[in-house]
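These notes concern the structure reproduced below.
Next up, the structure:
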């Protein structure tokens with residue numbers, strides 16, 4: 001086969017000029033299930049006996065999922081409160097009308113508008 005043929009280049013991977021991305025190896029189905037059971041805090045020794053009874057298995061999974069979601073939401077709320085607590089919020093408040101603005105830009109444009117209205121009112125008198 002000739003060196004310049006497209007088929008040979010694709011076969012030997014000479015068309016790609018960049019490195020291939022590195023990924024984790026894919027987990028087996030059994031390993032994924034085992035990881036999920038650990039997250040839901042279901043005992044790995046007795047889960048098969050739980051799964052034999054469909055109603056008991058469904059109740060257990062539903063209960064453990066709810067517990068996991070509550071813990072996840074509490075953890076997220078705690079993380080948010082820690083982040084918000086560390087930030088010092090400077091309130092952008094207008095000194096004239098005592099209105100609050102989210103951003104400094106809004107306050108500056110508001111004050112420019114006040115300056116224009118005050119200068120126009122001053123020229124009328």
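Residue numbers (this note's numbering): 1 to 125. Where a beta carbon is used, it is the ideal one built from N, C-alpha and C, also for glycine. Model, not experiment: these values are computed from the prediction.
Residue i to residue j span [Cα, whole Å]
i, j, result
"residue 60", "residue 97", "58 Å"
"residue 107", "residue 58", "56 Å"
"residue 115", "residue 95", "13 Å"
"residue 53", "residue 73", "30 Å"
"residue 117", "residue 109", "12 Å"
"residue 128", "residue 92", "The requested residue 128 does not occur in the structure, where the chain is confined to residues 1 to 125."
"residue 111", "residue 84", "28 Å"
"residue 75", "residue 68", "10 Å"
"residue 120", "residue 70", "58 Å"
"residue 55", "residue 24", "36 Å"
Span of the alpha helix (DSSP H) around residue i
i, result
"residue 31", "29 to 39"
"residue 50", "47 to 52"
Those residues which DSSP pairs with residue i across a bridge
i, result
"residue 102", "According to DSSP, which records beta bridges pairwise, residue 102 is partnered with nothing at all."
"residue 93", "100"
Residue from the options with nearest C-alpha to residue i
i, options, result
"residue 33", "99, 120 and 51", "51"
task = Would you be able to state if there are at least three C-beta pairs under 8 Å between the region 75 to 82 and the region 102 to 112?
result = Output reads no: the region 75 to 82 does not touch the region 102 to 112.
Cβ contact (3+ pairs, closer than 8 Å) linking the region 38 to 45 and the region 61 to 74 = With the rule of 3 Cβ pairs closer than 8 Å, the region 38 to 45 counts as touching the region 61 to 74.
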